[in-house]
Amino acid sequence: MAAVKKIPARLCLGCQEQKPKKELVRIVRSPEGEFSVDMTGKKSGRGAYICNNKECFEKAVKEHRFERSFKGAIDRAVYDQLREQLFS
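For the numbering used here, add 25 to where a residue sits in the sequence shown, where the first one is 1.
Structure, rendered in structure tokens:
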């Protein structure tokens with residue numbers, strides 16, 4: 026009998042729904058403090074997950090969920106950079 030493989034789930038910062046990890050995009054803050062989009066989910070650093078749509082991203086920004094997740098203030102330029110990486 027084959028074992029059923031567990032699919033890891035993560036919470037989207039925007040819509041606050043549990044979804045399979047593969048359906049979400051990871052935003053990561055490296056140990057040096059740089060933010061980037063991690064499509065592979067393998068980069069080192071503190072990560073937060075979000076759906077790959079603009080509505081979830083904007084809601085997470087508006088409600089300061091990235092700041093809570095990364096435990097600190099985030100500059101406006103970082104949000105602009107992440108928007109560029111995700112939606113261009």
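In this text, a Cβ means the ideal position worked out from N, Cα and C, and glycines have one as well. In this text the structure is predicted, and so the values were computed from the model without any measurement.
For E57, the closest of L49, G70, M64 by C-alpha to C-alpha distance is G70. In this structure, D63 and R54 do not form a Cβ contact; the two beta carbons are roughly 10 Å apart against a cut-off of 8 Å. Counting every other CB atom within 10 Å of its CB across the protein chains shown gives G39 a total of 16 or more, marking it as buried. Residue range 79 to 87 is occupied by the alpha helix (DSSP H) that includes C81.
With distances taken between CA atoms, H89 lies nearest to Y104 out of Y104, V29, T65, E59. Residues S61, V62 of the same chain have their beta carbon placed closer than 8 Å to that of Q110, with the five preceding and five following residues left out of the count. Contact check for C37 and K44: beta-carbon distance about 6 Å, within the 8 Å limit, so the pair qualifies.
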